[in-house]
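J.: Here it is, the structure in full.
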Amino acid sequence: MKPIELTEISCLILSTMSAPTHGYEIMKSVEADLEGRVSVGPATLYTNLSKLVDAGLCVFTEVSNKKVYEITTLGKTVLDQEVEKRRRILAFMENQMEKALEKGVSL
Amino acid sequence: MKTKRIAISGLAFDSTWLSRLLHLRSGEEDDMKRLSEEAQKGWLVTGIKGMSYELVQTAPQNLIYAIDYKEKLDQDYIDIFKAGGWEYVCSAEYIHLFKAKHGTTPLHTDIESKLTILTDVSKKFTRYTLTMLFVFACSLALSALTAPWKIGFITLLLLIFTLAALVGVVFTGMPLMGYLGRVNKLKKQLGR
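Residue numbers (my numbering), protein chains in the order written: chain A, -11 to 95; chain B, 143 to 334.
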């Protein structure tokens, strides 16, 4: 297993795999749900999927010649940690903005 | 149905300041722009043969083209690209050409994934170049050992083989330099 540094894109991809999902379904859901706020190209998606499999964060099975991806227990743990980390960063930023507002400075 | 061919300008490379100055087509980006211009004139790519793109005349279309690299093409890969708006056109070994409507999200939306792919390709060309260099060195040594001052049939054969190996070194070494240059450029962009 190759260790991986989870980027924003790999976190997004991993979060779509709570149920077994085809690669093209991941592409479609990322496109539809993010409404263009974060662009994920198909080659970027495919490369990240391969990295996530290599790191043991998700696995795939072949169903009718098509790969179905699913998050592993390790993947869930790592994703939870990443979500928590990002929550803290967000809370920190909100806190800083509130403090600035209290001082009458807008960020 | 009318067909024509356009030479591939060297997919391993990025366009250079010199090619831009002289308005010469050079590298992957320039090739993709040219194919897009051809589509607007009604010429669509149907395949890659040898060192050229094969095009067929049809109705003008507003398309963009892009290239991706992958060792083995599979349906899953093509389906993901299709879901992203990219239609598979053709392949030449590990090089795959896709087309899409103008405005479609590019194949690569991050530098990291492009870097991963180009690093893999440059590793492949490093292996090819080193193999060709080894063959060239062995062939050159054998030529030297077989008394080159007495040019006989074997010496001549070895010299021809050495020259062929040298051509092989150039043809694998040039793309290697191109890919390594692009990898270094991307690494700089990522601050590595």
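We put the CB at the ideal spot given by N, CA and C, even for glycine.
On the three-state DSSP scale, how would you describe I(-8) of chain A?
T.: For this step, residue -8 of chain A is matched to residue 4 along the first sequence. Looking at I(-8) of chain A - three-state DSSP - the assignment turns out to be coil, as it is neither helix nor strand.
J.: Measuring only the C-alpha atoms, how far is V93 of chain A from G29 of chain A?
T.: Start at 1 with the first residue of the first sequence, and residue 93 of chain A comes out as number 105. Start at 1 with the first residue of the first sequence, and residue 29 of chain A comes out as number 41. Using only the alpha carbons, I get a separation of about 39 Å.
J.: Per DSSP, which residues does L2 of chain A bridge with? Please list them.
T.: As a working note, residue 2 of chain A is residue 14 in the first sequence. According to DSSP, L2 of chain A bridges with nothing at all.
J.: Please confirm whether E254 of chain B has its beta-carbon closer than 9 Å to some beta-carbon of chain A.
T.: Residue 254 of chain B sits at position 112 when you count from the first residue of the second sequence. Yes, E254 of chain B lies at the interface with chain A (some Cβ there is under 9 Å from its Cβ).
J.: Return yes when the Cβ of A154 of chain B is within less than 9 Å of the Cβ of M316 of chain B, no when it is not.
T.: Taking the first residue of the second sequence as position 1, residue 316 of chain B is located at position 174. Taking the first residue of the second sequence as position 1, residue 154 of chain B is located at position 12. Yes; because the gap between Cβ atoms is below 9 Å, this pair is in contact.
J.: By how many angstroms is the C-alpha of V312 of chain B removed from the C-alpha of T258 of chain B?
T.: What you label residue 258 of chain B is simply residue 116 of the second sequence in a count that begins at 1. What you label residue 312 of chain B is simply residue 170 of the second sequence in a count that begins at 1. Distance between the alpha carbons of T258 of chain B and V312 of chain B is about 25 Å.
J.: Anything in chain B within Cβ reach of I(-3) of chain A, meaning under 9 Å, just list it in chain order.
T.: Mapped onto the first sequence, residue -3 of chain A falls at position 9. Under the 9 Å cutoff, chain B gives T251, D252, E254, S255.
J.: Under 7 Å between beta-carbons, which chain A residues line up against D218 of chain B? List them in chain order, please.
T.: Taking the first residue of the second sequence as 1, we reach residue 218 of chain B at position 76. Per Cβ cutoff of 7 Å: G11, K54, K55.
J.: In whole angstroms, give me the CA-to-CA distance for I209 of chain B and L239 of chain B.
T.: Translated into positions along the second sequence, residue 209 of chain B becomes position 67. Translated into positions along the second sequence, residue 239 of chain B becomes position 97. Their backbone Cα atoms lie some 5 Å apart in a straight line.
J.: Taking 9 Å as the threshold (beta carbon to beta carbon), is K224 of chain B in contact with chain A?
T.: The residue labelled residue 224 of chain B in the question sits at position 82 within the second sequence. By this cut-off, K224 of chain B is an interface position.
J.: For the stretch 66 to 79 of chain A against the stretch 10 to 26 of chain A, are there 3 or more C-beta pairs whose distance is under 8 Å?
T.: No, because fewer than three Cβ pairs between the stretch 66 to 79 of chain A and the stretch 10 to 26 of chain A fall closer than 8 Å, the two stretches do not touch.
J.: How would you call F295 of chain B, buried or exposed, if buried means at least 16 neighbouring beta carbons within 10 angstroms?
T.: In the second sequence, the residue the question calls residue 295 of chain B occupies position 153. Answer is exposed; the Cβ neighbour count stays below 16.
J.: Looking at C-alpha atoms only, which residue of A:G11, A:E90, A:T32, A:Q84 is the closest neighbour of V51 of chain A?
T.: Position 63 of the first sequence holds residue 51 of chain A. Among A:G11, A:E90, A:T32, A:Q84, the Cα nearest to that of V51 of chain A belongs to A:G11.
J.: Please look up how many angstroms separate the CB atoms of R324 of chain B and L260 of chain B, rounded, as I've assumed it's under 8 Å.
T.: Walking along the second sequence from the start, residue 324 of chain B turns up at place 182. Walking along the second sequence from the start, residue 260 of chain B turns up at place 118. Rounded, the Cβ-Cβ distance is 5 Å, consistent with contact.
J.: Once DSSP output is grouped into helix, strand and coil, what is the label at T246 of chain B?
T.: Working through the second sequence from its first residue, we reach residue 246 of chain B at position 104. The answer is coil: DSSP assigns T246 of chain B none of H, G, I, E or B.
J.: Going along chain B, which residues have a C-beta under 8 Å from M15 of chain A?
T.: Stepping through the first sequence from its first residue, residue 15 of chain A is reached at position 27. Under the 8 Å cutoff, chain B gives I222, A225, G226.
J.: Per DSSP, what kind of secondary structure is K266 of chain B in: helix, strand or coil?
T.: Within the second sequence, residue 266 of chain B is the residue found at index 124, counting from 1. Looking at K266 of chain B - three-state DSSP - the assignment turns out to be helix.
J.: Can you give me, in chain order, the residues of the stretch 188 to 220 of chain B that have a beta carbon less than 7 Å from any beta carbon in chain A?
T.: The residues in question are D210, Q217, D218, Y219.
J.: On the CB-based measure, 16 or more other CB atoms within 10 Å of its CB, does N36 of chain A come out buried or exposed?
T.: By 1-based counting over the first sequence, the position of residue 36 of chain A is 48. Result: buried.
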